[in-house]
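Scroll down for the structure; my scribbles are underneath it.
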Amino acid sequence: MALNATIFKTELTISDMDRGHYATHALVLARHPSETDERMMVRLLGFALNADDALAFGKGLSSEDEPALWRKDLTGAIELWIDVGLPDEKTVRRACGRAAQVILYAYGRGAERWWEDMRSALARPDNLTVIDLPFAATQALAALARRNMALQCTIQDGTVWLTDGDNTVEIAPAVLSAARKP
Numbered sequence: 041m042a043l044n045a046t047i048f049k050t051e052l053t054i055s056d057m058d059r060g061h062y063a064t065h066a067l068v069l070a071r072h073p074s075e076t077d078e079r080m081m082v083r084l085l086g087f088a089l090n091a092d093d094a095l096a097f098g099k100g101l102s103s104e105d106e107p108a109l110w111r112k113d114l115t116g117a118i119e120l121w122i123d124v125g126l127p128d129e130k131t132v133r134r135a136c137g138r139a140a141q142v143i144l145y146a147y148g149r150g151a152e153r154w155w156e157d158m159r160s161a162l163a164r165p166d167n168l169t170v171i172d173l174p175f176a177a178t179q180a181l182a183a184l185a186r187r188n189m190a191l192q193c194t195i196q197d198g199t200v201w202l203t204d205g206d207n208t209v210e211i212a213p214a215v216l217s218a219a220r221k222p
C-alpha cells in the first residue's frame, strides 16, 4: 500500500525589503512520505526568497521532471526552476537546459563536500545560481514545521528571519555561484 503525502497549510507573510515584495500567501505544501521536515521547510524558504503570484510548488520528490518550485510564463515556458538539496550534475544540467533561470538551494551536512565535488562541473551553465543554506539554520527551520502554520518572513540585506511568533530562525544564505545571465 502506497503512503499518501502529508498536507501542511501555511499562511506566509513576506516582507522582502531587498525585492520590495510585501504579501501574504496561503500555501498548501504536500510533504512526500520520504521527504523530511527540513527539506519541506527549505522548499518553503525557497518560495519566500522568490515569491510572486506565478511561483508554484512542483511535484518534487514524486517526479524527476519537476523541481521543488517553478514559475512558468503564459506560454508554458519555464522562467524559473528552483530545486533544493544536493542533486547530481545530470539533474542540474537538465534543469539548466529546460529553464531560463535555475536556483539551487544546497543544504545538509554534506553540502560543503558536495560543492567541492561539483564546483567545476556546475561552473559551466550560465543560468545557474547555487546558494548554500547553513546546516544549523535548516535544522532550526525543520523545528518550525507544523501541519498548520502562520509564519512571518522578513528579508533584508540578504538575511532572512522566519518566525512563528514564538520561535525565530535567522538564515544567512551564501551565494556559491551566481548566474551570468538574467
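Residues in the sequence shown are numbered from 41 upward in steps of one, following the numbering used here.
Glycine included, each C-beta is placed from N, C-alpha and C at the ideal position.
Bear in mind the structure is a predicted one, so any value in this text is a computation, not a measurement.
Residue i by DSSP, collapsed to three states: which one?
i	result
residue 94	coil
residue 105	coil
residue 113	coil
residue 99	coil
residue 43	coil
residue 189	strand
residue 157	helix
residue 150	coil
Can you tell me whether residue i is buried or exposed, with buried defined as 16 or more other CB within 10 angstroms of its CB?
i	result
residue 79	buried
residue 141	buried
residue 176	exposed
residue 47	exposed
residue 50	buried
residue 153	exposed
residue 94	exposed
residue 73	exposed
residue 90	buried
residue 43	exposed
residue 71	buried
residue 148	buried
residue 163	exposed
Looking only at its own chain, which residues have a Cβ that is under 6 Å from the Cβ of residue i, when we skip the five neighbours before and after it?
i	result
residue 199	212
residue 65	52
residue 88	54 and 193
residue 139	118 and 121
residue 135	121 and 142
residue 159	none
Under 7 Å Cβ to Cβ from residue i, same chain only, skipping five residues before and after it: list those, please.
i	result
residue 59	none
residue 180	209
residue 98	106, 107, 108, 109 and 110
residue 161	129
residue 41	Residue placement at residue 41 cannot be trusted, given a pLDDT of 48 that sits under 50; the coordinates are not used to answer.
Between the beta-carbon of residue i and the beta-carbon of residue j, is there less than 8 Å?
i	j	result
residue 123	residue 111	no
residue 178	residue 191	no
residue 185	residue 81	yes
residue 167	residue 219	yes
residue 84	residue 69	yes
residue 182	residue 115	no
In its own chain, which residues sit with a C-beta less than 8 Å from the C-beta of residue i, not counting the 5 before and 5 after it?
i	result
residue 151	126, 172, 173 and 175
residue 62	54, 55 and 56
residue 104	131
Open item on the list: Report the start-end ranges of each alpha helix (DSSP H) in the segment 59-95 that is 4 residues or longer and not cut off at the edges.
Closed with: Within the segment 59-95, the complete alpha helix (DSSP H) runs of at least 4 residues are 77-90.
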